[in-house]
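According to this note's numbering, the sequence shown is numbered sequentially starting from -1.
Positions of the beta carbon are idealized from the N, C-alpha and C atoms, including for glycine.
Keep in mind it's a predicted model, so treat the numbers as computed, not measured.
Please read the structure below before turning to the comments.
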Amino acid sequence: MEVNQYLEMFIEESKEHLQACSEHLLELEKNPDDLAIVGEIFRSAHTLKGMSATMGFEDLADLTHKMENVLDAIRNEKIHVTPEILDVVFESVDHLEEMVMDIANGGDGKRDVSSTVAQLKRIELGEEAVAEVVATVVAPAVESVLKYDSFEQTVITQSSEQGFNAYEISVTLREDCLLKAARVFMVFEILEKDGDVIKSSPSVEKLEDEQFDQQFYVAFVTKESAEDMQKKLMKVSEVEEVVVTTIDQKKFSEKEYESQQEIAATATAVVEMESTQATTPAKAEPVAKPAKSAAPNKADKTHAPVGNKTIRVNIERLDILMNLFEELVIDRGRLQSIATEVNHGELNETVERMSRVMGDLQTIILTMRMVPVETVFNRFPKMIRQLSRDLNKKINLEIIGAETELDRTVIDEIGDPLVHLIRNSVDHGIENPTARRAKGKPEEGTVVLRAYHSGNYVFIEIEDDGAGINREKVLAKAISKGIVTQEQSYSMSDQQINELILASGFSTADVISDVSGRGVGLDVVKTTIESLGGNISIESTQDVGSIFSIQLPLTLSIISVMLVEIEKEIYAIPLSSIIETSIIRSSEIMNAHNQKVIDFRGKVVPLVFLEEIFEVPRKAPQEEEFHSVVIVRKGEKLAGLVVDSFIGQQEIVLKSLGNYLTNIFAISGATILGNGKVALIVDCNALIK
């Protein structure tokens, strides 16, 4: 088999399975008795093992197999979950992730994991003799009340192989129950949310017509535990008793299988004839609701297309599609310009229609590139678990808004800054349990990772209830490093002092550690975020906690701008940075500390003359009575960009200046306008100090 063509798919799916393992292991640590979680981990490990063996990565398959054995022993209650066992399993997942990354980088995935393998073997063998029997609500396997044909047996068997639990549930209603059909419906509603109904006795039609006494039976497959199902069903009004029994699949004898062939064939024929009679359990459903598929192999036509609704697309193809669409956007602008000049009715109508269609196409293409921040966030729970152990701190990580979406380009860049900020919060922010008790805080510190949309931006916040920023210590360190002078420090606000920790080379750590900073400081975080067109702000209260807030644009490719003119040159200012435009008199301009400023709604706003910044040549000096000003913002800071005139708002394609024009001050890129001319895009962040 030619494996190279499948390598990319293998790597992506392996990452997904390992991420699922990590997430479920964290859940298992909180709920060590929940065997359903173990089943989920086992299934991911089992799939990964098969994929690795097929692709020829034997070391990867072997380690996964050893981990799978331990999970199987836990799942079968031969051993019980302990923090020590989970440490070894987490270590195994770490090794597997490193192997997959090595393969992704062109390696062979080989790694010395003999120590971890030995620990897994000891766990598998050493705990077997002392395994305890845990009592649950699962009744011992008894003679089934329901009889299963070959199709139903296959569904149950395959579901079990895929980690599902197969139960036979007996439900008894109270004798004085008045609306038995309604109670049956409520029971089936609960069942359908948590799994799949295979069969019922009496049949669904009889249950709906209340043609039964007080008791009925249901065959059911689910990932939920028997205890949870029993508790949920007992919450239905007028249900007197619920007994959940494990289906004994060993009773599916060859004799019974053969005797049911005729029934199965009849059932299949009836389904194909679309008979209204409920002959097959696949059609059995209360109150005319279609049954869900119990297993992937179940022949249910209503669910057949589900597997084809999602495809994997290489991000490079989306980049090519985006580049082609960007060219269309440029041509659209050119066509609109020509249509305006020609002023031909049919041409105008066609261009307007094309613009509407391209607007819809733009929305679809941008949406295709959007990825939930969950893809970045999901690496942090395991990281926090390890950091809390390394630092001997108790830390709880809360993740809010993981479904918030960002452009893939931004997602790829934001991971490392977030790692740095979270490590900083854990190392410098959260105190050790002793210090927290002394301050009257709970021993366990909390770090909240939050994401949400606001306008055309996504905000990501890292909040902790730790020690906060010691402003006196920060200011003293900044003065000693020469970042600010003693005189400047007297007029600095709390916000400005907080943001000193983002300065290059700044660190308040008494001892440089590998956890956060490593003496580098947070300036790299600030630089990366600003290169993405975003900004970072800090709020902090000493001994209460800190909030690092990151503001990021939704997308970096197609942006809305205000076109402005200086002499004969056209510049584009991103709308995301603009507060408003204004016309001011020359007499309103004041001087303060050798800087021209204006009073804007009670705030002193410095003016930036773009003709001076970009050295625009003038044919003749101008003495204007009025000036056009664009008020822009960077965080809490404002500035007024002085231009000759406003042209208007437009959507443009952001293009880089190439490798030869790097680090051009206050220019973030360029775009091609409808008339074919090039306009430079102003980097407002660079102009605001």
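Selection Q620, G532 and P604 evaluated against N592 yields P604 as nearest (Cα-Cα). Residue range P81 to A102 is occupied by the alpha helix (DSSP H) that includes H93. For S535, the enclosing beta strand (DSSP E) stretches over residues N533 to T539. Bounds of any alpha helix (DSSP H) do not take in A400, whose DSSP letter is neither H nor E. Excluding five sequence positions before and after E403, the CB atoms of its chain that fall closer than 7 Å to its own CB belong to M368, V369 and P370, given in chain order. Residue pairing by DSSP places A449 opposite I458 in a beta bridge. Contact between the segment 522 to 534 and the segment 609 to 628 is absent: fewer than three C-beta pairs spanning the two stretches fall below 8 Å. E122 places its beta carbon less than 8 Å from that of N67. For S199, the closest of K191, I650, E208 and D192 by C-alpha to C-alpha distance is E208. Restricting attention to alpha helix (DSSP H) runs no shorter than 4 residues, the segment 199 to 242 encloses them at 202 to 206 and 224 to 232, ordered along the chain.
In terms of Cα proximity to L205, the closest of V651, V182, V195 and F644 is V182.
Of I363, I398, V424 and E396, the smallest CA-CA separation from R387 is found for V424. In the DSSP annotation of this structure, the continuous segment of the alpha helix (DSSP H) that includes I313 starts and ends at I313 to V340.
P604 is bridged by DSSP to V595. In the DSSP assignment, K632 falls within the beta strand (DSSP E) that extends over F624 to K632.
Using a Cβ-Cβ distance cut-off of 8 Å, the segment 482 to 499 and the segment 551 to 571 are not in contact, since fewer than three pairs of beta carbons, one from each stretch, lie closer than that value.
An exposed status is given to Y450, since fewer than 16 other beta-carbon atoms sit within 10 Å of its beta-carbon. In the three-state reduction of the DSSP assignment, M368 falls in the strand class.
A straight line joining the alpha-carbon of L176 with that of T155 spans about 38 Å. At a Cβ-Cβ threshold of 8 Å, G667 and L655 count as neighbours.
At a Cβ-Cβ threshold of 8 Å, A664 and I629 do not count as neighbours. Within the same chain, M560 and L561 come within 8 Å of G646 by CB-CB distance, once the 5 residues on both sides are set aside.
Judged by DSSP in its simplified three-state form, F546 adopts strand. Counting only runs of 4 or more residues that sit fully inside the segment 370 to 425, the alpha helix (DSSP H) segments are 372 to 375, 378 to 388 and 406 to 422, in chain order. Leaving aside the five residues that flank V641 on each side, the residues in its chain whose CB is nearer than 7 Å to its CB run, in chain order, V562, E563, I564, L608, S626 and V628. Excluding its 5 nearest sequence neighbours in each direction, I536 has C-beta neighbours in its own chain below 8 Å: I467, Q493, N496, E497, I499, L500, S544, I545, F546 and S547, listed in chain order. Measuring C-alpha to C-alpha distances from A34 to each of F162, E10 and L319 identifies F162 as the nearest. Straight through space, the alpha carbons of I662 and K391 are spaced by roughly 45 Å. Annotated three-state conformation of F644 is strand, per DSSP. Annotated three-state conformation of M490 is coil, per DSSP. By the C-beta criterion, the segment 373 to 382 is judged not to be in contact with the segment 326 to 345, since fewer than 3 inter-stretch pairs fall below 8 Å.
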